[in-house]
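Numbering of the sequence shown is given in the working numbering, commencing with residue 102 and proceeding in unit increments.
All C-beta atoms, glycine included, are put in the ideal place defined by N, C-alpha and C.
Model, not experiment: these values are computed from the prediction.
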Amino acid sequence: MAAVPKGPLKKRERVLAFALGLPGAYEDHPWGETVVKVNKKIFVFLGVGDGSHPLGVGVKLRDEAVHAHALSSPGATPSGYGLGKAGWVQIPLEEKGAPAAELLCEWVEESYRAIATKKLVAELDAR
């Protein structure tokens, strides 16, 4: 098992903390991966953090410009298992030039807004 690079791991931890701070969000571990859900629906995939797979973040981006920007990140691809067709993007964190944590958090918020109820989005907007 490879050592987990500190920079990407810190970025992943910041993204996880940000996601868990959104209204109604909670952590879950289906398939042994870390995900964050709202209303029993995943809005961010964080994979595994044990070094067995490269670190990455998966988000659902409906806005075409934001989606295209995310896909332009080094190594980014439409998510597998047919999720890419629904706007999901997988962004690797270990690539040179990977997006900053702040930008990843913006994308996580956009993904949250695509999945959360109107009531929860209104709660977020009221903050």
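Looking from the CA of VAL105, the closest CA among ALA118, TRP132, SER153, PHE119 belongs to SER153. Contact annotation: the stretch 179 to 186 does not touch the stretch 207 to 227, with fewer than three C-beta pairs closer than 8 Å. Residue state for GLU128 is assigned as strand, using DSSP reduced to three classes. For LEU121, there is no enclosing beta strand (DSSP E); the residue is found in the alpha helix (DSSP H) stretching over 107 to 121. Nearest in C-alpha terms to ARG214, of all of VAL139, GLY148, GLY176, is VAL139.
Separation of ASP129 and LYS142 (C-alpha to C-alpha, rounded to the nearest whole angstrom) is 10 Å. In this structure, GLU114 is the residue among LYS219, GLU114, GLU196 with its C-alpha nearest to the C-alpha of VAL145. With fewer than 16 other beta carbons inside 10 angstroms of its own, LYS107 counts as exposed.
The DSSP-derived three-state label of GLY181 is coil.
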